[in-house]
Amino acid sequence: MTTEHNTHFGFKTVAETEKAKKVADVFHSVASKYDLMNDVMSAGLHRGWKRFAVSVSGVGTGDKVLDIAGGSGDLSRLFAQKVGASGQVILTDINASMLGVGRDRMLDAGLNVPALQCDAEKLPFPDQYFDCVIVAFGLRNMTHKDRALAEMQRVLKVGGRLLVLEFSKVWQPLSKVYDAYSFKLLPLMGKLLAKDAESYQYLAESIRMHPDQETLKQMMIDAGLSKVDYYNLAAGVVALHKGYKT
Amino acid sequence: MLKGLSTQLLQHLLAQNAWAAPLLQPFAGKSVRLNVALVSTSLVILENGSLAIAGETNIPDATITISPSLLLRLMTKDESARQQIRIDGDTHLATELAKVFSHMRWDFEDDLSKLVGDVPANKIGEFSRHAVATVKETTANLAGMLSEYWQEEKPMLAKKRHIEQFNAEVDILRADVERLEKRLNKLTKLNTANPPNPDNR
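From first to last, the protein sequence lines are chains A and B.
Quick note: the first sequence, position 4, residue 4 per my numbering, numbers continuous.
Quick note: the second sequence, position 110, residue 356 per my numbering, numbers continuous.
Dropping the structure here:
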């Protein structure tokens with residue numbers, strides 16, 4: 001059980017003040033091989049999930065998009081192509097190592113995407129600024145998810161969309177296989193490919209501690225979003241939630 | 247995976263039919279359930295006027311229902327069939343979407359040209375159009391030939407003018423029967439009011 005000042009860090013319970021530092025350590029450790037591991041862990045599916053998120057975002061030319069916990073910049077790159085020269089995409093991450101990878105990649109691709117290190121629970125942007133805010137595989141690492149969602153809602157324009165792409169609750173008949181994969185194979189792959197079994201153990205545990213589809217939907221409604229709907233991808237291994245600011 | 251592919255396909259078609267986005271944009275955020283023959287799916291209109299498959303918990307604003315027989319008639323471009331499409335909920339939204347779908351065309355030559363180049367794509371397009379026209383013409387000829395055979399040589403089908411003549415005769419007969427019925431009623435009433443005097447026999 002977590003108390004008022006404690007929170008989850010995978011299956012462990014830690015002080016709230018420690019979580020951000022511990023998550024930062026995990027991502028500092030995996031940053032350089034993050035994409036390789038993502039490809040191996042999801043058999044390349046994470047690219048399709050991200051493309052799907054962009055395709056249902058409704059983002060068009062001239063729109064302003066905020067990519068939270070954007071890390072290696074996959075989504076920012078896709079959104080930059082959608083918004084064109086008249087639009088704006090801002091890549092943010094709390095972790096400097098991950099953000100560095102994303103920023104370099106944007107520069108290499110010749111894209112003018114500003115990279116900004118900031119905490120999603122205290123976004124340094126004015127109210128009603130973005131047409132779309134997206135957080136992909138980042139919400140579960142945040143200490144106060146409710147505060148982060150409220151901040152995302154704050155910076156959205158009326159009619160703007162919040163998209164949350166995150167691991168979720170898998171279809172029940174597949175849960176045993178998925179558990180075996182996450183807790184046995186995933187740390188082993190982390191050990192072999194990134195030489196960091198512990199970080200990947202945390203990734204697997206944090207996925208299990210993350211709210212399921214309906215709970216996250218309710219959290220988004222509580223944060224002030226409406227018409228919240230979700231898509232189960234890969235039998236619920238991942239879910240894409242979409243809500244509107246009205 | 248299927249949602250992703252379907253959404254990409256829809257958005258590709260809409261990108262080819264750029265006139266559709268401004269028509270759909272005013273309905274951004276709304277969704278429509280399509281029950282076409284045995285397939286049922288929900289579509290959501292996006293803010294850029296594009297379309298995507300709706301999520302798991304979507305509540306549609308409108309429903310369009312097309313039965314399998316109606317679908318066949320629509321495919322043969324039967325104009326009267328359009329009037330029979332069932333629309334529930336936000337009819338304005340459903341009508342606009344139905345209009346977009348009925349006028350949307352797949353420019354397959356454009357897609358093919360990216361794979362094989364412009365000239366071969368154009369030639370393949372020409373050949374396909376010619377093939378489709380030939381198949382249509384042959385089918386029409388065959389149907390005409392068979393109906394003629396079954397009407398003239400081995401009568402199994404009635405000719406249109408015979409059916410019309412028969413219908414007209416049925417109408418005349420029905421009118422005659424009605425008139426006769428009215429006359430009988432009138433005579434019965436007269437008979438009841440003035441019963442015949444047995445002494446007059």
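The beta carbon of each residue, even a glycine, is placed where N, CA and C say it ideally should be.
Helix, strand or coil, according to DSSP, for residue i in the structure here?
| i | result |
| --- | --- |
| Lys249 (chain B) | helix |
| Phe52 (chain A) | helix |
| Asn281 (chain B) | strand |
| Lys64 (chain A) | strand |
| Ala274 (chain B) | coil |
| Val238 (chain A) | strand |
| Asp356 (chain B) | helix |
| Val381 (chain B) | helix |
| Gly243 (chain A) | strand |
| Phe247 (chain A) | Examination of residue 247 (chain A) is not possible in this model, given that chain A is present from 1 through 246 alone. |
| Arg161 (chain A) | strand |
| Ile305 (chain B) | coil |
| Ala344 (chain B) | helix |
| Thr2 (chain A) | Its pLDDT being 46, under 50, Thr2 (chain A) is placed unreliably by the model, and the measurement read from it follows with that caveat. Three-state result, Thr2 (chain A): coil. |
| Gln88 (chain A) | strand |
Do we get a CB-CB distance below 8 Å when we pair residue i with the residues of chain B?
| i | result |
| --- | --- |
| Val89 (chain A) | no |
| Phe183 (chain A) | no |
| Ser55 (chain A) | yes |
| Val59 (chain A) | yes |
| Lys242 (chain A) | yes |
| Tyr178 (chain A) | no |
| Gly48 (chain A) | yes |
| Phe52 (chain A) | yes |
| Tyr230 (chain A) | yes |
| Lys227 (chain A) | yes |
Please confirm if residue i has its CB atom under 8 Å from at least one CB of chain A.
| i | result |
| --- | --- |
| Lys249 (chain B) | yes |
| Ala261 (chain B) | no |
| Thr303 (chain B) | yes |
| Asn281 (chain B) | no |
| Glu293 (chain B) | yes |
| Thr253 (chain B) | yes |
| Ala298 (chain B) | yes |
| Gln411 (chain B) | no |
| Gln397 (chain B) | no |
| Ala274 (chain B) | yes |
| Gln257 (chain B) | yes |
Please state whether the Cβ-Cβ distance between residue i and residue j is less than 8 Å.
| i | j | result |
| --- | --- | --- |
| Ala120 (chain A) | Met98 (chain A) | no |
| Val346 (chain B) | Leu426 (chain B) | no |
| Met219 (chain A) | Leu149 (chain A) | yes |
| Leu317 (chain B) | Val282 (chain B) | yes |
| Val278 (chain B) | Ile310 (chain B) | yes |
| Lys33 (chain A) | Leu193 (chain A) | yes |
| Leu162 (chain A) | Leu225 (chain A) | yes |
| Asp146 (chain A) | Asp63 (chain A) | no |
| Val83 (chain A) | Asp67 (chain A) | no |
| Val65 (chain A) | Val59 (chain A) | yes |
| Ser72 (chain A) | Arg105 (chain A) | yes |
| Gly371 (chain B) | Glu355 (chain B) | yes |
| Val158 (chain A) | Lys227 (chain A) | no |
| His5 (chain A) | Glu16 (chain A) | yes |
For the beta strand (DSSP E) containing residue i, name the first residue and the last one.
| i | result |
| --- | --- |
| Tyr230 (chain A) | Ser226 to Leu233 |
| Leu297 (chain B) | Leu297 to Ile299 |
| Asp336 (chain B) | It is not in any beta strand (DSSP E) - Asp336 (chain B) carries neither H nor E in the DSSP assignment. |
| Phe130 (chain A) | Phe130 to Ala136 |
| Glu415 (chain B) | Glu415 (chain B) -> not in any beta strand (DSSP E); alpha helix (DSSP H) instead, spanning Lys406 to Ala439. |
| Gln117 (chain A) | Ala115 to Gln117 |
Which stretch, first to last residue, makes up the alpha helix (DSSP H) that contains residue i?
| i | result |
| --- | --- |
| Gln172 (chain A) | Where Gln172 (chain A) is concerned, there is no enclosing alpha helix (DSSP H), given that its DSSP letter is neither H nor E. |
| Gly100 (chain A) | Ala96 to Asp108 |
| Gln213 (chain A) | Gln213 to Asp222 |
| Ile310 (chain B) | Where Ile310 (chain B) is concerned, there is no enclosing alpha helix (DSSP H), although the beta strand (DSSP E) it sits in stretches over Ala308 to Ile312. |
| Gln330 (chain A) | The question about residue 330 (chain A) has no answer, for chain A in this structure spans 1 to 246. |
| Ala264 (chain B) | No alpha helix (DSSP H) holds Ala264 (chain B); DSSP gives it neither H nor E. |
| Leu188 (chain A) | Leu186 to Leu193 |
Would you say the region 208-222 of chain A touches the region 122-131 of chain A, given that touching needs at least three Cβ pairs under 8 Å? As far as the Cβ criterion goes, the region 208-222 of chain A does not touch the region 122-131 of chain A, which means the pair count is below three.
Spell out a yes or no on whether the region 249-263 of chain B and the region 174-187 of chain A are touching, meaning 3 or more CB-CB pairs, one atom from each, closer than 8 Å. no
Assess contact between the region 133-140 of chain A and the region 150-170 of chain A, defined as three or more Cβ pairs (one per stretch) separated by less than 8 Å. Is contact present? yes
Determine contact between the region 290-307 of chain B and the region 247-255 of chain B, defined as no fewer than three beta-carbon pairs at a distance below 8 Å. yes
Any 3 or more C-beta pairs closer than 8 Å across the region 57-77 of chain A and the region 172-181 of chain A: no
Across the region 317-326 of chain B and the region 376-384 of chain B, are there enough close Cβ pairs to call them in contact, namely three or more that are closer than 8 Å? In this structure the region 317-326 of chain B does not touch the region 376-384 of chain B; the number of beta carbon pairs closer than 8 Å is below three.
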